[in-house]
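Residue numbers (the working numbering): 19 to 371.
By construction, the Cβ of each residue, glycine as well, lies at the ideal position given by its N, Cα and C atoms.
Quick caveat, the model's predicted, so the values are computed rather than measured.
First comes the structure, then the notes that go with it.
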Amino acid sequence: MSLNIRVENGQTIITGPTYKIDEVKETIRQILKCESKYSLSTIRFHEKYSTISPEIQNALQFLYPKLHTDLLETAEKEIITENNTFRYYVGTYSNIIVGFLIEIFVKNQPAAFKCQINKNYDKSPVFTLNIPIPVQIKIINSSKDGLLDLYLSSESSIPFSTRSQLLKDAIHSISQKKIGVSKFSAVDIDGFEQDLQISMANFLKIHLLKSNDVFADDLDSKSFVLYILPRNEVSQGFSDLQYLEKVKNRVERSFFRIERRKCSGCGYIYSDTSNEPLKKFLKEDSFIPFPDGKMEHVDVDDDGYEVVMVNTEHGPVPLEEDGEIEVEICNHQGEPATSVSTWSFDLVCMTDI
């Protein structure tokens, strides 16, 4: 007896002897490599439609209102490896433009490079840009400080002229932008670490590049520069300049957290990040008698241990085993302070940097 196959209400119905049905099921399992413990009813068929990833959509919004699909189809078949050779020189560009190129168009840059203007160019890294098709570039330090040479892979099925033009279009789009340039000078060496930079960039919807820290000779402070470019997603509601004005206030808050201030009460320099009170060590010649004339009192601490107390002009304090005592001179609270750090925020054309 053979199988009967018919279609009803969009469903294919197979009827026949049990052993025949089982043979069909087994054949399907073998083709699909489906284990017998799973019911065939769990199988779902989904047609694969050509989709555009968020990274490519980002590039399309940034660069092209329209794009022919033939490049996308060719790029889909492109095999990208880390071992390609890069013989095709494209041009020399500033590390700021190249930095934004990577921040905007690279999906998986190493975590250590995120938001950093220095992306380990000494190692001549290779990145894949989605502009909007995947294009591999190699970045080499130029002989001129602050400039980088860009090279394209010589092993690609996409013509060099096409990839070169896409890359130059991306660079041109970035170079026409106005950005915020914020300079932090003589700020605390602690604070505003990379995790905060990434968090700020995500929260404010900006592309952020931070320069290397330049430390003062005494290593008590550092200076750096932030370069800020609004993301495409905010451009629908604001112009870049309008949005950068909003960003300015948030960046200033970050400055206040690491601003170094000189306390007028004690002359100590502190910040909100490093807000330790001023302390100093006193020796025996700085001790003064208690009101009863004694030089020492014995007290009991919270754990029930005896503690030798001595009196100072700053009040009674415990005596350490080495005979010295540490006293708090000033906690800077309520004392006027003068800033020893500076901060600026300017709107600058990329071509003027």
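Residue of ILE114, SER203, HIS225, ASP258 minimising C-alpha distance to LEU165: By one-based count along the sequence shown, residue 165 stands at place 147. With distances taken between Cα atoms, LEU165 lies closest to ILE114.
Within its chain, find whatever has a CB closer than 6 Å to the CB of VAL116; leave out the 5 residues flanking it on each side and keep chain order. Taking the sequence shown and counting its residues from 1, the one referred to as residue 116 is at position 98. If we look at VAL116 and ignore the five residues flanking it on each side, its Cβ neighbours are LEU166.
If you run the structure through DSSP and keep just helix, strand and coil, what is HIS350? Numbered from 1 along the sequence shown, position 332 holds the residue referred to as residue 350. The answer is coil: DSSP assigns HIS350 none of H, G, I, E or B.
Other residues of its chain near LYS66: CB distance less than 7 Å, five sequence neighbours each side excluded: As a first step, residue 66 must be located in the sequence shown, where it is residue number 48. For LYS66, the predicted structure reports a pLDDT of 49, less than 50, and the residue's modelled location is therefore unreliable. The matter cannot be settled from this model.
Nearest-angstrom Cα separation, counted from THR291 out to GLY209: As a first step, residue 209 must be located in the sequence shown, where it is residue number 191. As a first step, residue 291 must be located in the sequence shown, where it is residue number 273. Cα-Cα distance, rounded: 6 Å.
Grab the span of the beta strand (DSSP E) containing GLN154 for me, first residue to last. Numbered from its first residue, the sequence shown carries residue 154 at position 136. Element bounds for GLN154: 152–159.
Hey, would you say GLU263 sits closer than 8 Å to SER357, going by beta carbons? Translated into the one-based positions of the sequence shown, residue 263 becomes position 245. Translated into the one-based positions of the sequence shown, residue 357 becomes position 339. No, Cβ-Cβ distance for GLU263 and SER357 is not below 8 Å.
State the CB to CB distance for the pair LYS195 and MET368, rounded to an integer number of angstroms; the pair is presumed to be in contact (CB under 8 Å). As a working mapping, residue 195 is identified with position 177 in the sequence shown. As a working mapping, residue 368 is identified with position 350 in the sequence shown. Indeed, because the Cβ distance is near 5 Å, the residues count as touching under 8 Å.
State the Cα-Cα distance for the pair VAL265 and SER112, rounded to the nearest angstrom. By 1-based counting over the sequence shown, the position of residue 265 is 247. By 1-based counting over the sequence shown, the position of residue 112 is 94. Answer to the nearest angstrom: the Cα atoms are 24 Å apart.
C-alpha distance - ASP213 paired with PHE131, whole-angstrom precision: For the purposes of this step, residue 213 is taken as residue 195 along the sequence shown, with counting starting at 1. For the purposes of this step, residue 131 is taken as residue 113 along the sequence shown, with counting starting at 1. When rounded, the distance between both Cα atoms is 12 Å.
Under 7 Å Cβ to Cβ from ILE224, same chain only, skipping five residues before and after it: list those, please. Looking up residue 224 in the sequence shown gives position 206. Counting only Cβ-Cβ distances below 7 Å, and skipping sequence neighbours, we find ILE246, LEU247, PRO248, ARG249, VAL265.
First and last residue of the beta strand (DSSP E) that includes ARG279? What you label residue 279 is simply residue 261 of the sequence shown in a count that begins at 1. Counting along the chain, the beta strand (DSSP E) containing ARG279 begins and ends at 279–281.
Just reading off the beta strand (DSSP E) that LEU226 is part of, what are its end residues? Walking along the sequence shown from the start, residue 226 turns up at place 208. Start and end: 224–228.
Looking only at its own chain, which residues have a Cβ that is under 8 Å from the Cβ of GLN183, when we skip the five neighbours before and after it? As a first step, residue 183 is located in the sequence shown; it is residue number 165 there, counting from the start. So the list is empty, once near-sequence residues are dropped.
Roughly how many whole angstroms lie between the Cα atoms of PRO354 and SER289? One-based indexing of the sequence shown puts residue 354 at position 336. One-based indexing of the sequence shown puts residue 289 at position 271. C-alpha separation (whole angstroms): 13 Å.
So the candidates are GLY198, SER179, ALA234; which of them puts its Cα closest to the Cα of VAL205? On the sequence shown, position 187 is the one that residue 205 refers to. Among GLY198, SER179, ALA234, the Cα nearest to that of VAL205 is on ALA234.
According to DSSP, simplified to helix, strand and coil, what is GLU270? Translated into the one-based positions of the sequence shown, residue 270 becomes position 252. Helix, per DSSP.
Pairwise C-alpha distance: ASN329 and SER362: On the sequence shown, position 344 is the one that residue 362 refers to. On the sequence shown, position 311 is the one that residue 329 refers to. Distance between the alpha carbons of SER362 and ASN329 is about 48 Å.
Closest to HIS332 by CA distance: which of LYS43, GLU344, VAL326 is it? The count along the sequence shown starts at 1 and reaches residue 332 at position 314. The residue with the shortest Cα to Cα distance from HIS332 is GLU344.
Going by DSSP, what residue range makes up the beta strand (DSSP E) through SER200? The sequence position of residue 200 within the sequence shown is 182, counting from 1. It spans 196–206 - the beta strand (DSSP E) in which SER200 sits, taken as one unbroken run.
Roughly how many whole angstroms lie between the Cα atoms of LEU227 and GLN134? By 1-based counting over the sequence shown, the position of residue 227 is 209. By 1-based counting over the sequence shown, the position of residue 134 is 116. If I take the Cα positions, the gap works out to 5 Å.
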